[in-house]
C-alpha cells in the first residue's frame, strides 16, 4: 500500500518529553509534504495550541491540516478554511459544572477554552497548569464560570488526580449517557466532547472531502484518545511509550517519542 497521508498525535507522539519536534523528524515531515503527501496534526489541544507546531512544519505551504479538540474542529492550513466544526450542546454546561463542583474539595478543575486563554472554572491544579504549559496559553481564574463561558464550545476538560477523575467519569457517563462523548485522554484529563466526535470520526470526514481513503492513511498515537484513529487507519501505529491498550490495538509499534519514533515510521513506510 502506498500511504498518502500521515496523521500524528502531538503530545507523547510527535513531540518528545520536552514538547519539541526534533530536527530530523521536522526535516522528514517537510520532505514528504514536498513529495505531495499530506500531514494532519490531530490533537486534543485547542487550535491555538497546535498552530506553532504547524508553522514549524510548514503545513500552510503544502496544504496540510490541523485537527483540534480531538476532532471537533478541522482546518485547511493553506486556506484557513474550517472544514468541520462540531460544538457541545449549550444545555450541558450547567449540569457538567454542578457535577464537577461536588468534587471541589478533591482538587478538581473544569476548563473551557476562551479567546487565547484557558478559563479555569474552580481552581487551577497541577494538571490545569500542565494544559496551560502545553498550549502556551494563560489561565484565567473565573469567579463565575457559568457566566464567563460564552458561545459555542468544542470541548470541556476536567483535570484532577486519576482516581478522582475515574469516579467523575463514571458519574458523568451515567448522567449524560449517549448525549455526550466522555473519555480520558490521560488518566488526569477527562475530555467532554460532542456525541460521536473523536479523531477517527473527523478524520473520515476529512478523507472523504479530499478524495482519500482510510487505507491510504497512517495514524500514530500513544493515548486513549488515539485508539479510534489507530483502529481506523490503513496502518495504525503505537509509540513504544503508548498506553497498554493502544499497544494492543496497533498494527505496528514504533520507537518512543524520545527516540524519533515518527521518523522511524516515515523512513519505513512513507519514503518514495
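Residue numbers (our numbering): 263 to 534.
In this text, a Cβ means the ideal position worked out from N, Cα and C, and glycines have one as well.
Where does residue 411 fall in DSSP's three states? Residue 411: coil per DSSP, three-state reduction.
Per DSSP, residue 379 forms a beta bridge with which residues? 376, per the DSSP bridge assignment.
With DSSP as the reference, identify every bridge partner of residue 456, one or two as the case may be. Answer by DSSP bridge pairing, in chain order: 442.
Tell me the residue span of the beta strand (DSSP E) that contains residue 347. Counting along the chain, the beta strand (DSSP E) containing residue 347 begins and ends at 344-347.
So for residue 462, helix, strand or coil by DSSP? Judged by DSSP in its simplified three-state form, residue 462 adopts helix.
With a CB to CB cut of under 6 Å and the five nearest residues on each side skipped, what residues in its chain are close to residue 204? Residue 204 lies beyond the residue range present for the chain, which begins at 263 and ends at 534; the question has no answer from this structure.
Decide if residue 295 is buried, meaning its Cβ has at least 16 other Cβ atoms within 10 Å, or exposed. The residue is buried, with at least 16 neighbouring Cβ atoms inside 10 Å.
Option nearest residue 272 by Cα separation, candidates 281, 265 and 448: The alpha carbon of residue 272 has as its nearest neighbour, out of 281, 265 and 448, the alpha carbon of 281.
Those residues which DSSP pairs with residue 327 across a bridge: Answer is 302 and 338, bridged to residue 327.
I'd like to know whether the C-beta atoms of residue 503 and residue 519 end up nearer to each other than 8 Å. For the pair residue 503 and residue 519, the CB atoms are nearer than the 8 Å cut-off.
In this structure, what does DSSP give as the bridge partners for residue 277? The partner list for residue 277 (beta bridge, DSSP) reads 273.
Evaluate residue 464 with the Cβ neighbour count: other Cβ atoms within 10 Å of its Cβ, from every protein chain shown; 16 or more gives buried, anything less gives exposed. Label assigned to residue 464: buried.
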